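As structure tokens, the structure follows; a few thoughts come after it.
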Amino acid sequence: MSTYPEIRDLQLLLALAQRKHFTQAAADCGISQPAFSARIRHLEEELGVPIVRRGNKFLGFTPDGELVLKWASKIVTHAEGMRQDIEVVKGALAGNLVLGVVPTALSYASMISTRLHKKHPKLAVQISSMTSHQISRALTDFSLDAGFTYQDDIDQQHVLLDPLYDEQYVLLVPAALAPCSNGQITWAEASKLPLCLLSKNMHFREIVDDAFARANVTAQPVMETNAFTAAIAKVTHGSAATIAPSSLIDGLLVSESTQLCKLVEPEVSYTIGLAVLDHEPVLPAITALRDAVRPDDK
727 MSTYPEIRDL QLLLALAQRK HFTQAAADCG ISQPAFSARI RHLEEELGVP
777 IVRRGNKFLG FTPDGELVLK WASKIVTHAE GMRQDIEVVK GALAGNLVLG
827 VVPTALSYAS MISTRLHKKH PKLAVQISSM TSHQISRALT DFSLDAGFTY
877 QDDIDQQHVL LDPLYDEQYV LLVPAALAPC SNGQITWAEA SKLPLCLLSK
927 NMHFREIVDD AFARANVTAQ PVMETNAFTA AIAKVTHGSA ATIAPSSLID
977 GLLVSESTQL CKLVEPEVSY TIGLAVLDHE PVLPAITALR DAVRPDDK
């Protein structure tokens, strides 16, 4: 009789695919690096194909390895779904829910995670900040369970999208740089300020640049970053302004030396949605997530 790979070995392989480093992947999995490597070699022997390209360090996966990875993702996902279904039968949802979230929706994702924990305290939620393109890829290779992302910037093939909320944008600015007495500022006026903006590989930056283009101006940022925390710190230091979604800024304590200005001319909004892979069976954790994002869910 043919033997089948152990779920644990497939989990180790997925950890290696994520970390691309044997020692780091082993640490994530809670085992020693020699034991980790031995289990990967055992998996190769069991399947009869080389999976990993090795040198003095991890060099990637062989073509056979890529095929094994594809199936490993599916098998581990379905095994997690089976475990969650069994826990539901026992009376409580338990397990893991892995979310990929665009940076502008991290505050919202944190709020949803709190809702989930109140209703399902045994469900562990893991949130990773990712670009919309990374979320799209991770959904299709089963390394994510769901994503909070821009509806207009994800490959919708095999993906189900539910709209969550419309994102609107504000300027967070040191008052000494640009006092806005009426609480508003135009995109053209904002373009003249020293700005700290998200990096060009982020979809949010595309939105910002498009808004400036619609106002017939071009911004020349003094700093770029892939993290809003760095941009907000720049504002706090008084040396630059930044543009952010109002939903992200609402939870911040804005000091008297900092102003929040609504961006107008044009007024811009984009929809953030919940993205999940269109496949059966549906993870119980995904059903719980859909319940948590409903507007009437308190």
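Take any residue in the sequence shown, count from 1 to its spot, add 726: that is its number in my numbering.
Virtual Cβ for every residue (Gly too), placed ideally from N, Cα, C.
Since the structure is predicted, the reported quantities are computational estimates derived from the model, not experimental observations.
Requested in this report: Count the other CB atoms, across all protein chains shown, that sit within 10 Å of the CB of residue 765; report buried if there are 16 or more and exposed otherwise.
Outcome: Under this definition residue 765 is a buried residue.
Report task. Please go through the same chain and pick out, in chain order, the residues whose beta-carbon is closer than 6 Å to the beta-carbon of residue 929, but skip the five residues on each side of it. Result -> Contacts found: 858, 876 and 879.
Requested in this report: In the DSSP assignment, find the beta strand (DSSP E) that holds residue 855 and state where it starts and stops.
Outcome: For residue 855, the enclosing beta strand (DSSP E) has its first and last residue at 849-855.
Requested in this report: Per DSSP, which residues does residue 864 bridge with? Please list them.
Outcome: Note: residue 864 sits in no beta bridge, so no partner.
**Report entry** 9 Å Cβ cutoff met for residue 897 and residue 974
**Finding:** Remark: C-beta atoms of residue 897 and residue 974 do not approach each other more closely than 9 Å.
Query raised in the report: To the nearest angstrom, how far is it from the Cα of residue 991 to the Cα of residue 934?
Result: Each residue's alpha carbon lies about 13 Å from the other.
Query - Touch test, the segment 997-1007 against the segment 781-796, Cβ-Cβ under 8 Å, three pairs minimum - result: Short answer: they don't touch.
Query raised in the report: How about the segment 805-825 and the segment 782-792: do they share at least three Cβ pairs that are nearer than 8 Å?
Result: No: the two stretches stay apart, fewer than three of their Cβ pairs being nearer than 8 Å.
Requested in this report: Thinking residue 861 and residue 826 are a contact (beta carbons under 8 Å), I'd like their distance in whole angstroms, please.
Outcome: 4 Å between Cβ atoms; contact.
Query raised in the report: Per DSSP, what kind of secondary structure is residue 987 in: helix, strand or coil?
Result: Of the three classes helix, strand and coil, the one that applies to residue 987 here is strand, per DSSP.
Query raised in the report: Could you give the distance in angstroms between the alpha-carbon of residue 888 and the alpha-carbon of residue 742?
Result: Looking at the two C-alpha atoms, the distance is approximately 32 Å.
Requested in this report: Return helix, strand or coil for residue 1021, following the three-state DSSP convention.
Outcome: Of the three classes helix, strand and coil, the one that applies to residue 1021 here is coil, per DSSP.
Report task. From the DSSP output, in three-state form, read off residue 969 for me. Result -> Correct three-state label for residue 969: strand.
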